[in-house]
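Visitor: Taking my numbering as reference, the numbering of the sequence shown is continuous, increasing by one, and the terminal residue is 956.
Even for Gly, the Cβ is constructed at its ideal location relative to N, Cα and C.
Since we're looking at a predicted model, the values are computed, not measured.
Pasting a structure below so you can have a look.
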Amino acid sequence: MKNYNNFDAIAKEHKKLYKSGKTWMAATLMTVGLAGGAMLAGTTTANADEVTPVQSAGTIQASQQATDPELANAQSDAQKQQSTIDSANAQLKDQQNQLSEAQGQQSSAQQELDQAKQAQQAAIQNDPAVKQAQADVNQAQQQVNNQQQVVNDAQTVVNDDAKNVQSTSDAATQASQAVDQARQTATDAINQAVAQQANEAQSKIDQLENQGKAQASQNLDNQINNVSGQVTDAQNDVNNTNSKISDLQGQVKDLQDQENQGNTDPNIVHLNGQTVDTSKSLLENAARNNLWKKTTYVSDGDWDGKFVPENIFVTPDEDADSFATANDGYSKAQLLQEWKLYETIARKTDIVNKQSGMTDAQMEELAILLMNQINHARQQRGLKPFVMTEQKYQQAQVRAKLSASRWSHNEDDILTAFGRDQYENLGSFDTNPANIQWGWDSREALDKGENPTDAYVGTDDNDPLTMFAILMDADEPVNDMLNNEGAHGGHRENFLEDTGDLNYDAAFGFAPYMDNGELRYYLTFDYDGPARNNTPNMMDRIAQYQAMGPITGDAKIIDNSAKIDDLNNQISNLQNTLSSQTSKLQSLQSQLQNLQAQKANVQFNLSQLSSDQQAEYNNAKETLATVNDWKQGQLSNLDNNSNVQEALNKLSSAKSNLESAKQIQSEDEAKLQQAKDGLTGLNQVLATKQSALNTAEQKVNASANQAVKYAQTKLDTINGKIADLQNTIATTQATISNAQAQLDKDNQKIADIKNGQKPAKPDTGKDEGNKGTTTPSEPSKGDDQKDHQTTPVKPSKPSDGDKGNVTPSDPNKDTKDSETTNPTTPSNPTTPAQPDTGNASISGQAGHKPATSENGSETSDNNATKPIIVLPTTSKENGSAVSGAQGQNATMTREQYKAQQAKLPQTGNNDSKAVIALGVLAGMFGFGLVTKGKKEF
Numbered sequence: 020m021k022n023y024n025n026f027d028a029i030a031k032e033h034k035k036l037y038k039s040g041k042t043w044m045a046a047t048l049m050t051v052g053l054a055g056g057a058m059l060a061g062t063t064t065a066n067a068d069e070v071t072p073v074q075s076a077g078t079i080q081a082s083q084q085a086t087d088p089e090l091a092n093a094q095s096d097a098q099k100q101q102s103t104i105d106s107a108n109a110q111l112k113d114q115q116n117q118l119s120e121a122q123g124q125q126s127s128a129q130q131e132l133d134q135a136k137q138a139q140q141a142a143i144q145n146d147p148a149v150k151q152a153q154a155d156v157n158q159a160q161q162q163v164n165n166q167q168q169v170v171n172d173a174q175t176v177v178n179d180d181a182k183n184v185q186s187t188s189d190a191a192t193q194a195s196q197a198v199d200q201a202r203q204t205a206t207d208a209i210n211q212a213v214a215q216q217a218n219e220a221q222s223k224i225d226q227l228e229n230q231g232k233a234q235a236s237q238n239l240d241n242q243i244n245n246v247s248g249q250v251t252d253a254q255n256d257v258n259n260t261n262s263k264i265s266d267l268q269g270q271v272k273d274l275q276d277q278e279n280q281g282n283t284d285p286n287i288v289h290l291n292g293q294t295v296d297t298s299k300s301l302l303e304n305a306a307r308n309n310l311w312k313k314t315t316y317v318s319d320g321d322w323d324g325k326f327v328p329e330n331i332f333v334t335p336d337e338d339a340d341s342f343a344t345a346n347d348g349y350s351k352a353q354l355l356q357e358w359k360l361y362e363t364i365a366r367k368t369d370i371v372n373k374q375s376g377m378t379d380a381q382m383e384e385l386a387i388l389l390m391n392q393i394n395h396a397r398q399q400r401g402l403k404p405f406v407m408t409e410q411k412y413q414q415a416q417v418r419a420k421l422s423a424s425r426w427s428h429n430e431d432d433i434l435t436a437f438g439r440d441q442y443e444n445l446g447s448f449d450t451n452p453a454n455i456q457w458g459w460d461s462r463e464a465l466d467k468g469e470n471p472t473d474a475y476v477g478t479d480d481n482d483p484l485t486m487f488a489i490l491m492d493a494d495e496p497v498n499d500m501l502n503n504e505g506a507h508g509g510h511r512e513n514f515l516e517d518t519g520d521l522n523y524d525a526a527f528g529f530a531p532y533m534d535n536g537e538l539r540y541y542l543t544f545d546y547d548g549p550a551r552n553n554t555p556n557m558m559d560r561i562a563q564y565q566a567m568g569p570i571t572g573d574a575k576i577i578d579n580s581a582k583i584d585d586l587n588n589q590i591s592n593l594q595n596t597l598s599s600q601t602s603k604l605q606s607l608q609s610q611l612q613n614l615q616a617q618k619a620n621v622q623f624n625l626s627q628l629s630s631d632q633q634a635e636y637n638n639a640k641e642t643l644a645t646v647n648d649w650k651q652g653q654l655s656n657l658d659n660n661s662n663v664q665e666a667l668n669k670l671s672s673a674k675s676n677l678e679s680a681k682q683i684q685s686e687d688e689a690k691l692q693q694a695k696d697g698l699t700g701l702n703q704v705l706a707t708k709q710s711a712l713n714t715a716e717q718k719v720n721a722s723a724n725q726a727v728k729y730a731q732t733k734l735d736t737i738n739g740k741i742a743d744l745q746n747t748i749a750t751t752q753a754t755i756s757n758a759q760a761q762l763d764k765d766n767q768k769i770a771d772i773k774n775g776q777k778p779a780k781p782d783t784g785k786d787e788g789n790k791g792t793t794t795p796s797e798p799s800k801g802d803d804q805k806d807h808q809t810t811p812v813k814p815s816k817p818s819d820g821d822k823g824n825v826t827p828s829d830p831n832k833d834t835k836d837s838e839t840t841n842p843t844t845p846s847n848p849t850t851p852a853q854p855d856t857g858n859a860s861i862s863g864q865a866g867h868k869p870a871t872s873e874n875g876s877e878t879s880d881n882n883a884t885k886p887i888i889v890l891p892t893t894s895k896e897n898g899s900a901v902s903g904a905q906g907q908n909a910t911m912t913r914e915q916y917k918a919q920q921a922k923l924p925q926t927g928n929n930d931s932k933a934v935i936a937l938g939v940l941a942g943m944f945g946f947g948l949v950t951k952g953k954k955e956f
């Protein structure tokens, strides 16, 4: 308890020292103020080198009598700053003395804490119960260590077993691979022994089977071609019959419509002086009503409104390659009239089914129309016209169908159709609905009477297909053959052959076919001389139509019942024929599909080979079977091979070794588990012993822990006090630095005023240039602060702590009176470096405690150099002692300092009564501090 009371005494002593320090500081300030006033009053000159080292940084330039109010304000403010510096330096010294004493107390408190902890540890170690518990723990730990070694040894054995198992497993794998390799080697030898014979036999078999399949495939191709031709013919028959039925049904409807309409015939159309019966064929209309277009070239005013071509253009022999279109020379008005004719007549007469194509009757009339054009071209050249007998025409149709399958000038086709060779041409044409196409505007514009600038006969898929359109399409290949091969082209010469006085029997043939869903026709032209039969000349049909007289369309009573009955009978007969044709077509199509399926999957059959090939095939089969039987027998007994047997024996031995190694591994793993179980039990015993030891130590520790807690609390209190003092010292040093900076500014202002200069405007960091004469600011107020007359800041007082007798609290004791634990020993705080106070008012590095002799007086270093003076410097001043805003310091000797001060201007030679008054004020300020200090204590 004595130690604790000593700590309270230390705290009270510190409080007394603090009070006496404040009294001493006030007295000092008063004495300095009075003495300074007396000295300044008796001094006529004041140079910078007369400033004492301790106050050099705070010297006030006040020797000149302050008659200028601005100067008086500056001097007054400087005196206040100097007083602040002196007072703060005194406080700083006292604070540093207190810090030094607290640091000494810190060392003593730390020693007390260490001794308390040592006593606590000794009490624990010497307690009998603790000793016994520790011995039990040591014994249990030894047993655990021994058992752990047993576990480790067992684990090593198990690890070795695993390696041995892996090794024997690898050996077994290698032995198994060796067996596979031996079997593969034996298999390769067997295959090699039979390979040549087997390959030769199999090759012969494959060869003969391929020959048989090829022969079967060829036979099927022949059958398919034959049946395919029959299917085509049957389909054409069906199509023709359907077309005939459709045509007859249309005629019946037309006849019925005529009867229903009475005296009006809707099929009669009149246009441009021409009359057309749309129910009649194109040939009949052209022949009876003379709709023949006589020429291929016309000029303005020559067209008579007729539109069925009677002639075909043939280029002169001397210019046979320069073919011009039939529309050259047409006027706009003629094109407009012809377009209207096409729209009202040509597109409605003699309609053709777009799918089934022309009927037989329509193909006959197309042949007549084309031959009529050729004959007119021949007659223009002085040649005899061709005749076209019905027999020749029928032969031409056969030839066209044969040529359609090969599309070539095939002599066999010609001989098959005509029985002898022919002069012949071969071509093809599309079937497109005819219409006038305009290159610049729509039909509506033409209806308004506007003339086109460009027009041609073209196609429109939406228009009906007529015989007029097909005639125009068929004219294209005929034109090409006549005019695109020169004067001596083979096709041209066949059409324009000079037959002398004879009329050769010639005929056009047509064969329909589909190309990408569009109906097309093959066209043939054949002749070989005068007619060799007595069948009628089909070209006479034109004259026969003409003899019937023109179609007038006069009003009459129409009775078509006989015609309708006749047509219905024809339709009934054709429907019976169609049923038979359809049945035949379906049968042929089914037969064709079966043949095509057989062709796609031709299978070999021995009957496809000759007798010699069959014998050869059977021998090869027998040889291959014999070889394969021997091979299979050898392969089924493969393990009887000596090399394979040896490998199998090695594999058996390796597997036996592997099983033995696994058995040993299993036994050793059981021993390892037994050792681990024993270790687990011993660890549980050790934990129990350790718990007992901890309980015993806690009982002993409870009684010794109070002293440790108290010593720790004492040390913590001292450490807190040291921290407070260090913060207070930092605050005091900041006060000195701020006051010193302001004092430097005031001294500079005083010097400027005495030298007759206006105070410099504070630097704002902006280059404003020369703006002329400016009014100086008030000396006591800068641009950046309201009042330079800073009131001295009272340095912070170090914390006195609790002024009463405070018993430190137990830091480890909670509100539930829980058992205490060993306190953590705090680390010794680092003793702060001793600050330098030798020249605190100049350098700002206050706090150094000067060395003292045994009697307490300051001692000087005999070997020390002359006093060092640290002055504030700025980057703007050359040789000036005035510090900048940042308060940076420069170090120099006393002689350097005097030399620098000698360069400063003389501050005045007149007595200053104001200075005396300033000294009196300083003394009063000191008394005020004394009085204030007494109030505080």
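Which residue wins for smallest C-alpha separation from alanine 415, given the options Leu434, Arg397, Thr103?
Guide: Ranking the options by Cα distance to alanine 415, first place goes to Leu434.
Visitor: Tell me which residues share the same chain as histidine 395 and place their Cβ nearer than 7 Å to its Cβ, disregarding the 5 neighbours each side in the sequence.
Guide: Hits under 7 Å: Glu329, Asn330.
Visitor: Taking the beta carbon of glycine 269 as the centre, do at least 16 other beta carbons fall within 10 Å, making it buried, or is it exposed?
Guide: With fewer than 16 other Cβ atoms within 10 Å, it is exposed.
Visitor: Are alanine 530 and alanine 380 touching if we call contact CB-CB under 8 Å?
Guide: Result no, Cβ atoms of alanine 530 and alanine 380 do not sit closer than 8 Å.
Visitor: What's the call for alanine 200, buried or exposed, on a 16-neighbour Cβ count within 10 Å?
Guide: Looking at the sequence itself, residue 200 is glutamine, so the reference to alanine does not match. Exposed, since its Cβ has fewer than 16 Cβ neighbours within 10 Å.
Visitor: Sort out for me which residues DSSP pairs arginine 539 with in a bridge.
Guide: DSSP lists Asp449, Tyr532 as partners of arginine 539.
Visitor: Per the DSSP calculation, asparagine 444 is bridged to which residue(s)?
Guide: Paired residues: Phe544.
Visitor: Rounded to a whole number of angstroms, what is the C-alpha to C-alpha distance between tyrosine 546 and aspartate 440?
Guide: Answer to the nearest angstrom: the Cα atoms are 9 Å apart.
Visitor: Counting Cβ pairs closer than 8 Å, one from the stretch 126 to 134 and one from the stretch 766 to 774, do we hit at least three?
Guide: Output reads no: the stretch 766 to 774 does not touch the stretch 126 to 134.
Visitor: On the CB-based measure, 16 or more other CB atoms within 10 Å of its CB, does methionine 533 come out buried or exposed?
Guide: Flag for methionine 533 reads exposed.
Visitor: Our contact map puts valine 371 next to methionine 486 with C-beta atoms below 8 Å; I'd like the distance itself, whole angstroms only.
Guide: Right, the Cβ-Cβ distance comes to about 6 Å (below 8 Å), so this counts as a contact.
Visitor: Label asparagine 766 either buried or exposed according to how many other C-beta atoms from any shown protein chain fall within 10 Å of its C-beta, with 16 as the threshold for buried.
Guide: Flag for asparagine 766 reads buried.
Visitor: Is tryptophan 426 helix, strand or coil by DSSP?
Guide: DSSP places tryptophan 426 in coil when its eight states are reduced to three.
Visitor: State the DSSP-derived secondary structure class of threonine 485, mapped to helix, strand or coil.
Guide: It is a strand residue.
Visitor: Beta strand (DSSP E) containing valine 646: first to last residue?
Guide: Looking at the DSSP string, valine 646 is not in any beta strand (DSSP E); the run it does join, the alpha helix (DSSP H), is 630 to 655.
Visitor: In the structure shown, what three-state DSSP assignment does phenylalanine 527 receive?
Guide: Of the three classes helix, strand and coil, the one that applies to phenylalanine 527 here is strand, per DSSP.
Visitor: Using DSSP with H/G/I as helix, E/B as strand and the rest coil, what is asparagine 372?
Guide: Correct three-state label for asparagine 372: strand.
Visitor: Nearest-angstrom Cα distance between valine 621 and asparagine 241?
Guide: Looking at the two C-alpha atoms, the distance is approximately 14 Å.
Visitor: Is it buried or exposed for leucine 691, if we count other Cβ within 10 angstroms and need 16 for buried?
Guide: Buried.
Visitor: Indicate the three-state DSSP secondary structure (helix, strand or coil) for aspartate 296 in the structure shown.
Guide: Note: aspartate 296 maps to strand in three-state DSSP.
Visitor: Looking only at its chain, what residues have a beta carbon closer than 8 Å to the beta carbon of glycine 548, apart from the 5 residues adjacent to it on each side?
Guide: The residues are Leu521, Tyr523, Asp524.
Visitor: Which of the three DSSP states is assigned to lysine 669 in this structure?
Guide: Three-state DSSP puts lysine 669 in a helix.
Visitor: Measure the CB-CB distance between serine 375 and asparagine 451 and report whether it falls below 8 Å.
Guide: Their beta carbons are not under 8 Å apart, which means serine 375 does not touch asparagine 451 by this criterion.
Visitor: In angstroms, rounded to a whole number, what distance separates the CA positions of threonine 754 and threonine 714?
Guide: Spanning the two alpha carbons is a distance of roughly 58 Å.
Visitor: I'd like the list of long-range same chain contacts for lysine 618, defined as Cβ closer than 8 Å, with 5 residues on each side in sequence excluded.
Guide: Result list for lysine 618: Ser236, Leu239, Asp240, Ile243, in chain order.
Visitor: Rounding to the nearest angstrom, what Cα-Cα distance links aspartate 146 and isoleucine 748 in this structure?
Guide: C-alpha separation (whole angstroms): 50 Å.
Visitor: Quick check: threonine 192 and asparagine 676, are their CB atoms within less than 8 Å of each other?
Guide: Result no, Cβ atoms of threonine 192 and asparagine 676 do not sit closer than 8 Å.
Visitor: Are the Cβ atoms of valine 646 and glutamine 216 separated by less than 8 Å?
Guide: Result yes, Cβ atoms of valine 646 and glutamine 216 sit closer than 8 Å.
Visitor: Among Lys674, Arg397, Leu667, which one has its Cα closest to the Cα of valine 198?
Guide: Residue Leu667 is the option with its Cα nearest to valine 198.
Visitor: Excluding five sequence neighbours on each side, which residues of the same chain lie with their C-beta closer than 8 Å to the C-beta of glutamate 787?
Guide: Since pLDDT at glutamate 787 reaches only 46, below the 50 mark, its modelled position is unreliable, and no value is offered.
Visitor: With C-beta atoms as the reference, is lysine 411 less than 8 Å away from threonine 518?
Guide: Going by C-beta atoms, lysine 411 is not nearer than 8 Å to threonine 518.
Visitor: Quick check: what's the CA-CA separation for threonine 204 versus aspartate 658?
Guide: Answer to the nearest angstrom: the Cα atoms are 12 Å apart.
Visitor: Glycine 556 by DSSP, collapsed to three states: which one?
Guide: Here residue 556 turns out to be asparagine, not glycine, going by the sequence shown. Of the three classes helix, strand and coil, the one that applies to asparagine 556 here is strand, per DSSP.
Visitor: With three or more C-beta pairs closer than 8 Å as the rule, is the stretch 139 to 153 touching the stretch 715 to 731?
Guide: Because the criterion of three Cβ pairs below 8 Å is met, the stretch 715 to 731 and the stretch 139 to 153 touch.
Visitor: Give me the Cα-Cα distance between alanine 233 and threonine 206, rounded to the nearest whole angstrom.
Guide: Roughly 37 Å between the two C-alpha positions.
Visitor: Between which two residues does the alpha helix (DSSP H) harbouring glutamine 381 extend?
Guide: 379 to 399 is the span of the alpha helix (DSSP H), which, as asked, contains glutamine 381.
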